[in-house]
Amino acid sequence: MPSLNTLLLVVQAATSPAQSPQLAAFKQEAVRDVASRAQFTQQMVDQIFSYAELGFQETETSRYLVDLLRKNGFTVREGIAGIPTAWVATWGSGKPVISLGSDIDDIPQASQKPGVACHAPLIEGAPGHGEGHNSGQAVNITAALAVKKIMEREHLPGTLQIWPGVAEELVGTKAYFVREGVFKDVDIVLFSHVDDNLATSWGDISGNGLVSVQFSFLGKSAHAAGAPWRGRSALDAVELMDIGWNFRREHLRLQQRSHYVITNGGDQPNVVPPTASVWYYLRELDYPHIQEMFALADTLAQAAAMMTSTTLLPPRILGSAWPGHFNKIIAEAMYENIKQVGLPQWSEADQRLAHALQRDIGAPDSGLATRLDTLRPALKPGERTGGGSDDIGDVSWNVPTVTLRFPSNIPGLPGHNWANAISMATPIAHKGATAGAKVMAMTILDLLMRPELVTQAWDYFRTVQTKDIKYQPLIRPQDRPAIELNRDVMARFRPQMRRYYYDPSKYRTYLEQLGITYPTERAADGSCSGGATP
Ligand SMILES: [Zn+2]
0 MPSLNTLLLV VQAATSPAQS PQLAAFKQEA VRDVASRAQF TQQMVDQIFS YAELGFQETE
60 TSRYLVDLLR KNGFTVREGI AGIPTAWVAT WGSGKPVISL GSDIDDIPQA SQKPGVACHA
120 PLIEGAPGHG EGHNSGQAVN ITAALAVKKI MEREHLPGTL QIWPGVAEEL VGTKAYFVRE
180 GVFKDVDIVL FSHVDDNLAT SWGDISGNGL VSVQFSFLGK SAHAAGAPWR GRSALDAVEL
240 MDIGWNFRRE HLRLQQRSHY VITNGGDQPN VVPPTASVWY YLRELDYPHI QEMFALADTL
300 AQAAAMMTST TLLPPRILGS AWPGHFNKII AEAMYENIKQ VGLPQWSEAD QRLAHALQRD
360 IGAPDSGLAT RLDTLRPALK PGERTGGGSD DIGDVSWNVP TVTLRFPSNI PGLPGHNWAN
420 AISMATPIAH KGATAGAKVM AMTILDLLMR PELVTQAWDY FRTVQTKDIK YQPLIRPQDR
480 PAIELNRDVM ARFRPQMRRY YYDPSKYRTY LEQLGITYPT ERAADGSCSG GATP
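Written as structure tokens, this is what we have:
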């Protein structure tokens with residue numbers, strides 16, 4: 000039975016006063032302003048694409064964004080929660096405090112020439128924006144600057160906060176931001192994430208939360224041929240734990256997702272490995288089930304240690320995420336703005352790139368989205384089948400939060416893959432980010448000028464979302480951000496990557512700098528030359 004409060008909320012939302020003529024005028028002004036900043040938005044998207052940094056190593060990206068925000072009047076605090084690439088920028092004063100976040104890290108081995116509809120790495124083996132996290136900060140910053148201009152002129156009270164999702168691909172930081180108190184005084188969080196449509200949703204996400212844990216074993220080295228009986232292999236423990244898990248997963252709930260990589264499998268075959276580590280992502284629908292999986296994995300690790308006479312070290316948590324729950328009131332307000340902005344006008348070249356890529360990788364040949372997604376209502380428990388995770392979930396259980404998804408990518412792609420990088424420094428990404436910034440700016444204006452929205456959002460948060468479920472972090476008091484991750488890989492590739500950093504003082508776009516014809520398709524002889532010879 001819905002509570003009286005819930006019913007009241009529904010009624011209030013349905014009958015909330017139409018926006019004032021002044022708010023409508025400000026929204027129109029902001030939309031025009033965002034449109035006039037299209038080149039600024041494009042430069043941010045292209046710049047961060049060219050930096051292509053892995054989680055926790057986003058040094059160029061963060062320096063660039065911090066400089067840009069300071070130049071635009073924001074106060075920036077760096078090194079948040081002991082994370083060198085994390086920062087919080089603020090501007091304005093008083094209530095409401097509106098917090099804008101978006102991820103900035105990329106994907107291992109996803110290097111790809113933009114605008115080329117087949118696999119053509121810019122640098123073989125290097126990281127690349129194979130998720131599209133190069134675009135969200137452009138959405139947030141463009142929107143914030145458009146709104147800031149109006150706030151300054153009209154003396155509107157309110158504070159804008161902007162922050163990066165550092166190491167989201169490692170679900171590595173947002174729980175630490177929460178622990179650090181970044182959202183303590185925040186009224187509403189608006190998060191933005193790349194997608195292939197302009198959309199938002201409310202209620203529980205369809206995906207999972209997770210805990211990311213490394214299990215390490217200590218054995219004894221010995222000559223693997225001369226005296227193998229004197230050795231105890233830590234790698235054996237890793238392999239037996241993995242075998243145990245792979246049998247056991249048959250008897251886990253269908254909603255779980257679990258996967259691992261062996262991060263240390265020994266040095267060379269003739270030395271019995273004295274140390275070995277395996278890194279698991281353990282995903283489930285809610286906190287109790289995630290903890291249950293963690294406990295089971297720990298049991299299997301202890302059993303593997305017993306079987307091999309090795310020692311299990313204390314498991315290290317490298318990341319965590321609560322399953323997200325998004326705010327109904329804010330999502331509905333945002334969706335009204337989405338309907339007004341609509342999808343970008345795709346050019347024939349944009350559609351050609353999309354179709355060519357979809358055919359190349361065997362995805363449905365749908366082209367780019369031309370119909371808006373509907374506002375997805377809350378999923379019922381049985382409709383949640385599990386999937387990916389985003390640590391925005393932790394934020395969403397502390398402050399009313401909504402994610403704006405904007406159309407900078409191509410439908411039907413595998414995700415976490417070079418194919419997802421192809422559109423991300425092309426007009427598709429640029430137009431998608433501008434459309435997203437328009438919606439974001441309009442929604443910030445809603446929150447500034449309709450205080451009842453903030454009140455209703457908190458009512459939903461308190462009386463519906465967190466009525467029975469209270470946030471408890473998955474990170475333990477002793478856990479610290481895993482800031483050393485990816486350091487070696489980035490150090491290896493950065494010198495080569497530097498040669499391809501985007502220089503907007505010389506080139507209008509990154510495509511122009513790389514000399515890529517847009518779009519470039521696979522050649523008639525089947526080769527994928529990638530067009531450019533940078
Ligand atoms: Zn993402």
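Numbering (numbering that gives the first Met the number 0), first residue to last: 0 to 533.
All C-beta atoms in this analysis are idealised placements derived from N, C-alpha and C, irrespective of residue type, glycine included.
None of the values given here were measured: they were computed from a predicted structure.
- Taking non-hydrogen atoms of ligand 1 into account, the C-beta of residue 130 is found less than 7 Å away from one of them.
- Within the same chain, and ignoring the five residues on either side of residue 309 in sequence, the residues whose Cβ sits closer than 7 Å to its Cβ are 216, 217, 218, 231, 233, 236.
- Within the region 472-528, the complete alpha helix (DSSP H) runs of at least 4 residues fall at 486-497, 509-513.
- The beta carbon of residue 390 sits no closer than 7 Å to any heavy atom of ligand 1.
- Membership of residue 275 in any alpha helix (DSSP H) is not indicated; the residue belongs instead to the beta strand (DSSP E) covering 274-283.
- Of the residues assessed, residue 183 falls on the exposed side of the cut-off, its CB having fewer than 16 other CB atoms within 10 angstroms.
- Going by beta carbons, residue 201 and residue 330 fall inside the 8 Å limit.
- In the three-state reduction of the DSSP assignment, residue 354 falls in the helix class.
- Membership of residue 335 in the alpha helix (DSSP H) is indicated by the continuous run 327-340.
- Remark: the shortest separation between the CB of residue 102 and any heavy atom of ligand 1 falls under 7 Å.
- Of the residues assessed, residue 54 falls on the buried side of the cut-off, its CB having 16 or more other CB atoms within 10 angstroms.
- In the structure shown, residue 198 adopts extended strand secondary structure according to DSSP, grouped into three states.
- Taking the Cβ of residue 57 as the reference point, every heavy atom of ligand 1 lies at 7 Å or farther away.
- In this structure, DSSP gives residue 163 an extended state, which the three-state scheme calls strand.
- Close CB contacts of residue 22 within its chain, under the 8 Å cut and outside five residues either way in sequence, are with 444, 445, 448, 449 (chain order).
- The three-state reading of DSSP puts residue 344 in coil, since its state is none of H, G, I, E or B.
- Distance from the CA atom of residue 256 to the CA atom of residue 210, rounded to whole angstroms, is 11 Å.
- Under the three-state reduction of DSSP output, residue 315 falls in the strand class.
- With a cutoff of 7 Å, residue 192 counts as near ligand 1, since its C-beta is closer than that to a heavy atom of the ligand.
- A direct Cα-Cα distance of roughly 37 Å separates residue 441 from residue 358.
- A distance criterion of 7 Å places the beta-carbon of residue 52 beyond contact range of ligand 1, judged by its closest non-hydrogen atom.
- Residue 498 and residue 453 have their C-alpha atoms roughly 47 Å apart.
- Counting C-beta pairs closer than 8 Å gives three or more between the region 69-85 and the region 171-178, which meets the contact rule.
- Look at the beta carbons and you see the region 430-439 touching the region 135-151: at least three pairs across the two are nearer than 8 Å.
- In the DSSP assignment, residue 256 falls within the beta strand (DSSP E) that extends over 256-263.
- In the same chain as residue 417, and ignoring 5 residues on each side of it, the C-beta atoms closer than 6 Å to its own belong to 109, 111, 118, 129, in chain order.
- When rounded, the separation of the alpha-carbon atoms in residue 138 and residue 424 is 14 Å.
- Residue 94 is positioned such that its CB atom lies closer than 8 Å to that of residue 156.
- Considering only 472, 92, 189, 115, the residue with the shortest C-alpha distance to residue 161 is 189.
- Out of 239, 518, 519, 429, the CA that lies nearest to the CA of residue 34 is found in 429.
- Residue nearest to residue 132 within the set 124, 115, 45 is 45 (criterion: CA-CA distance).
- Contact between residue 282 and residue 414 does not hold, since their C-beta atoms are separated by about 15 Å, which reaches or exceeds 8 Å.
- Just measuring C-alpha positions, the residue of 191, 336, 245, 258 sitting nearest residue 212 is 258.
- Residue 87 sits in a strand when the DSSP states are folded into three classes.
- In this chain, the beta strand (DSSP E) harbouring residue 401 covers 400-406.
- Assignment of beta-bridge partners to residue 99 by DSSP yields 161, 189.
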